[in-house]
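What follows is a single structure, written as structure tokens, with notes after it.
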Amino acid sequence: MAVLLNSPNDDTGEFEAWRKPLLKLDPTMDLRVWPDTGRLEDIEYTLCWLPKPGDLKRYPNLKVIFNLGAGVDRLMADRTLPADVPVCRLVDEGLTAGMTEYVVWQALYLHRSGPRLIEQQRKKLWKPFIYPVAKDRRIGMLGLGVLGGDAGEKLSYLGFDVAGWSRTPKHVEGVKSYHGPEQLGAFLARTEILVCLLPLTPDTTGIVDSKLLAQLPKGATLINPGRGAHVVDADLIAALDSGHIDHAVLDVFHTEPLATDHPFWSHPRVTLTPHVASMTQPETAAPVILENMRRHKAGKPLLNEVDRKRGY
Ligand code: NDP
Ligand code: OXD
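Each residue of the sequence shown is one higher than the last, beginning at 1 in the numbering used here.
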């Protein structure tokens, strides 16, 4: 039996970083790195990030697909993905901590009027102003799963008034739970800083459109480390131009890298980062994957298995 690291877009050699922690935990592992697969029949497990569409159907004895990230939208979009092979997404404390850092960093930046202060410095303008205290700042997590839940909880420790919206009701310390389409309007109406941490599925594609943005109070801001296709770019730009949305922090885009002529690059109300909100950490993620392989071999239920029908 062999394990295949499958990341065809890895031109940085970063996937070599997986070798050490995996082999430390299981020195007997027959670890192969795509495209040096060896005999296709040998591959039982694959650890992949953005494999080439169609590639995963080539391994006749594949038992589990481990996605090396939290979002499985690109895998789910591959219509040739073997239907009977379970897919596990990554839930990793390193990935969660990285996302919480990003969300807290950007929420504080928006809460404390970072864009306005940067503009004032650019203009050499000395103009102090008053800002609300954290308890009076309402933050809304669109998606209250592993990442949205942790970031929401940490924001509540800082004193913010935090709520979250999900498909089903949630119990996250310090976070008010809203759920389902019927409670989305009430959730949006109370949200001044909206953080999108939904998975990208047919139900959530384009969810941040003119209709949703219009339900936020005037002057609200957006942080999107979810996926680019959650946002209808033209609708967001119109809301920014009108001032209804004061600022957007964007980490993910419809097409990555973002085209150099995309208006987001130079929009005065946009701060953008190049899909770096969080990164999978091989040191903390390898034990989770190894535990899942052990569970699979022992016939136990897998951790973090994707519901193929729901798409996340
Ligand atoms: P989870 O699956 O743990 O959480 C998803 C949340 O979204 C759940 O609360 C779920 O509700 C909710 N949800 C899904 N569909 C709907 C819907 N139709 N209506 C309402 N709520 C819905 O995912 P994670 O928190 O681990 O990850 C979220 C996303 O973050 C990833 O899919 C990925 O796109 C993105 N990401 C981005 C990174 C970056 O660097 N920019 C890094 C890592 C992840 P329920 O539980 O009730 O079903
Ligand atoms: C992920 C990502 O989904 O890095 O893990 O985007």
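Yeah, the Cβ is synthetic: ideal placement off N, Cα and C, and Gly gets one too.
Could you give the uninterrupted runs of the beta strand (DSSP E) lying entirely in the segment 91 to 167, keeping only those of 3 residues or more? Within the segment 91 to 167, complete beta strand (DSSP E) segments of at least 3 residues are found at 138 to 142 and 161 to 166, given in chain order.
Thinking Asn67 and Cys48 are a contact (beta carbons under 8 Å), I'd like their distance in whole angstroms, please. Contact flag correct, Cβ pair sits at about 6 Å.
Cα-Cα, which of Ile139, Pro181, Leu188 and Arg89 is closest to Ala107? Looking at the Cα atoms, Ile139 is the closest of the given residues.
Just the C-alpha distance for Val249 and Gly145, rounded to the nearest angstrom, thanks. For Val249 and Gly145, the gap between their C-alpha atoms comes out near 20 Å.
Given a cut-off of 8 Å on the beta-carbon distance, is the pair Gly143 and Leu198 in contact? Yes, these two residues count as a Cβ contact at 8 Å.
From Thr201, Asp241, His230 and Gly228, pick the residue whose C-alpha is nearest to that of Gly218; which is it? In the sequence as displayed, the identity of residue 218 is Lys instead of Gly. Cα-wise, what sits closest to Lys218 is Asp241.
Cα-Cα separation between Met29 and Lys300, rounded to whole angstroms: When rounded, the separation of the alpha-carbon atoms in Met29 and Lys300 is 20 Å.
Please indicate yes or no: does the CB of Val288 lie closer than 7 Å to some heavy atom of ligand 1? Answer for Val288: no, Cβ out of range of ligand 1.
Taking the Cβ atom as the reference point for each residue, do Ile245 and Leu213 lie within a distance shorter than 8 Å? Contact: yes.
I'd like to confirm something about Tyr312: is its beta-carbon nearer than 7 Å to some heavy atom of ligand 1, or not? A heavy atom of ligand 1 is found nearer than 7 Å to the CB of Tyr312.
Residues sharing a beta bridge with Ile323, DSSP: No information on residue 323 is available, as it lies outside the stretch 1 to 312 that the chain covers here.
Is the segment 94 to 105 in contact with the segment 274 to 294, if contact means three or more CB pairs nearer than 8 Å? Judged by Cβ distances under 8 Å, the segment 94 to 105 makes contact with the segment 274 to 294, as three or more pairs qualify.
Is it true that the segment 215 to 232 meets the segment 186 to 202, where meeting means three or more beta-carbon pairs spaced less than 8 Å apart? Contact holds: three or more Cβ-Cβ distances are below 8 Å.
Taking all protein chains shown into account, do 16 or more other C-beta atoms lie within 10 angstroms of the C-beta of Thr46, making it buried, or fewer, making it exposed? Classification for Thr46: buried.
Just to confirm, does Ser278 get its C-beta within under 7 Å of one of the non-hydrogen atoms of ligand 2? Ser278: yes, Cβ under 7 Å from ligand 2.
Neighbourhood of His254 by C-beta, 6 Å cutoff - its chain only, sequence neighbours within 5 removed: Only Gly228 and Ala229 meet the Cβ criterion.
Comparing the CB of Pro53 with every heavy atom of ligand 1, is any distance shorter than 7 Å? Outside the cutoff, so no.
Shortest alpha-carbon distance to Asp203 belongs to which of Glu173, Phe187, Lys309 and Asp136? Nearest of Glu173, Phe187, Lys309 and Asp136 to Asp203, Cα basis: Lys309.
What's the call for Trp126, buried or exposed, on a 16-neighbour Cβ count within 10 Å? Trp126 should be labelled exposed.
Which of the three DSSP states, helix, strand or coil, is assigned to Asn292? Here Asn292 sits in helix by DSSP.
Measure the alpha-carbon distance for Cys88 versus Arg74 and round it to whole angstroms. C-alpha separation (whole angstroms): 13 Å.
Would you check if the distance between the CB atom of His111 and the CB atom of Arg137 is smaller than 8 Å? It is a contact, given that the beta carbons lie within the stated cut-off.
To which residues does DSSP link His244 through a beta bridge? His244 is not bridged by DSSP to any residue.
Could you tell me which residues DSSP puts in a beta bridge with Asn6? Looking at the DSSP output, Asn6 bridges to Cys48.
Same chain only: Cβ atoms within 8 Å of Val85, ignoring 5 sequence neighbours per side: Contacts found: Leu56, Leu62, Lys63, Val64 and Ile65.
Can the beta-carbon of Leu90 be found less than 8 Å from the beta-carbon of Ala70? In this structure, the beta-carbon distance from Leu90 to Ala70 falls below 8 Å.
Which residues in the same chain have their Cβ closer than 6 Å to the Cβ of Tyr59, if we skip the five residues on either side of it in sequence? Around Tyr59: Leu40 and Ile43.
Taking 7 Å as the cut-off, is the CB of Arg227 close to at least one heavy atom of ligand 1? Yes.
Where do the ends of the alpha helix (DSSP H) carrying Ala189 lie? Run containing Ala189: Gly180 to Ala189, per the alpha helix (DSSP H) assignment.
Inspect the beta-carbon positions of Pro287 and Val103 and report whether they are closer than 8 Å. It is not a contact, given that the beta carbons lie outside the stated cut-off.
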